[in-house]
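Beneath this line is the structure, given in structure tokens, with notes to follow.
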Amino acid sequence: MSIWIILVFIPLLYGFYAQIKVSSAYRRNVQIPSRGYITGREAAAAVMESAGIYGVQIVEVKGQLTDHYDPVHKRLALSSPNYRGTSLAALGISAHEAGHAIQHREGYAMMGLRQAMVPAVQFAAPVAYFITGFGLYTIGSILGGILLKVGILALLVMTIFQFVTLPVEFDATRRAKKQLVSLGIVDRNEMPHVSETLDAAALTYVAAFVSSLGYLILLLLAGNNRRRDWPIVVFQKKPDSKGVGLFYVFLYM
Ligand SMILES: [Zn+2]
């Protein structure tokens with residue numbers, strides 16, 4: 001099997017699979033109302049209150065799955081169906097975002113590290129994919145060699161960022177599940193629907209990391225061989241997206 005199939009094509013498929021899975025899990029569970037009829041907004045407030053957090057503003061935002069916690073402005077943003085809705089998907093996602101607020105308050109180290117990397121990632125993301133692509137295209141030339149090195153460095157930043165994101169996301173989900181049950185917001189037998197939604201969302205972060213890592217290894221191999229005999233296919237989750245972002249796909253032949 002060609003090396004690029006393992007390092008790029010399989011992660012690409014895995015990414016699409018994760019994207020489809022999170023969309024379908026959300027669509028299904030957003031239609032299942034919780035028995036307590038508590039809204040996502042109320043659930044987020046209750047979870048934060050139980051951790052002694054009162055200074056975080058909960059706001060409603062447009063879009064689908066645009067939910068996020070903004071540590072800079074201490075703002076918890078929930079998309080309309082999750083802000084107003086009482087579905088098990090809404091409660092899961094709202095509690096997950098509240099989990100990020102608790103991480104922030106507790107000074108959770110991985111979250112601090114992730115935040116500190118954001119400016120570097122905003123710079124590295126376009127560099128990693130565009131410059132690297134041209135670097136590979138012109139591989140063997142002096143310019144190609146320089147571009148490839150810059151691209152590898154940028155991609156390394158991205159890969160580390162996505163790796164650091166994993167414990168932050170898994171920890172927020174773990175906190176959400178625990179708090180929803182212990183605060184009596186969700187019944188234990190309703191939890192599978194909450195878990196299905198949150199676990200599917202977590203998968204997209206894993207896919208983003210795996211794709212970056214695969215591509216990074218591929219670039220390192222290309223840099224050593226000074227040639228390539230495979231098409232370049234790159235996909236990447238929108239790097240600054242807090243929820244479930246779009247995948248960019250680049251193809252260089
Ligand atoms: Zn999250």
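Numbering (my numbering), first residue to last: 1 to 253. Glycine is no exception: its CB is placed at the ideal position from the N, C-alpha and C atoms.
Sheet register partners of residue i (DSSP bridge)
i	result
Ser-87	Pro-33
Same chain, Cβ closer than 7 Å to residue i, neighbours up to 5 away in sequence not counted
i	result
Tyr-26	Leu-65, Ala-89 and Thr-197
Arg-105	Ala-51 and Ile-53
Gln-31	Ser-87
Ala-45	Ile-58
Met-110	Val-164, Pro-167 and Val-168
Pro-119	none
Gln-179	Val-47, Ser-50 and Ala-95
Tyr-14	Ala-207 and Val-210
Val-194	Leu-88, Leu-91, Gly-92, Lys-177, Leu-180 and Val-186
Asn-29	Ser-87, Leu-88, Ala-89, His-193, Glu-196 and Thr-197
Val-150	Val-127 and Ile-131
Ile-5	none
Gly-145	none
Asp-70	Ala-77
Any non-hydrogen atom of ligand 1 within 7 Å of residue i CB
i	result
His-100	yes
His-96	yes
Ala-172	yes
Glu-106	no
Glu-169	yes
Same chain, Cβ closer than 6 Å to residue i, five either side skipped, listed in chain order
i	result
Gly-214	Leu-7, Val-8 and Pro-11
Arg-41	Ile-58 and Tyr-83
Gln-19	none
Ala-124	Ala-154, Val-157 and Met-158
Asp-240	Reliability of the predicted coordinates at Asp-240 is poor, the pLDDT of 42 falling under 50, and no value is obtained from them.
Phe-16	none
Ser-212	Met-158, Thr-159 and Gln-162
Thr-138	Gly-144
Residue j beta carbon less than 8 Å from that of residue i
i	j	result
Leu-219	Leu-148	yes
Ala-312	Gly-92	Since the first residue shown for the chain is 1 and the last is 253, residue 312 is missing from the structure and cannot be characterised.
Ala-200	Met-158	no
Leu-78	Glu-49	no
Thr-173	Gly-63	no
Asp-187	Gln-103	no
Ser-24	Glu-190	no
Close Cβ partners of residue i (< 8 Å) along its chain, the five nearest in sequence each way excluded
i	result
Ala-116	none
Arg-114	Phe-161, Val-164, Thr-165 and Val-168
Ile-217	Leu-7
Ile-152	Thr-132, Leu-216, Leu-219, Leu-220 and Gly-223
Ile-38	Ala-46, Thr-86, Leu-91 and Ile-185
Gly-55	Lys-74
Chain D contact for residue i (CB, 8 Å cutoff)
i	result
Met-191	Protein chain content of the structure displayed is limited to a single chain, and chain D is not contained in it.
Checklist entry - Taking the runs of the alpha helix (DSSP H) that are 4 residues or longer, which of them lie wholly in the stretch 47-104? => result 80-84
Item to check | Whole runs of the alpha helix (DSSP H) within the stretch 119-201, excluding any shorter than 4 residues | outcome: 132-137 and 142-182
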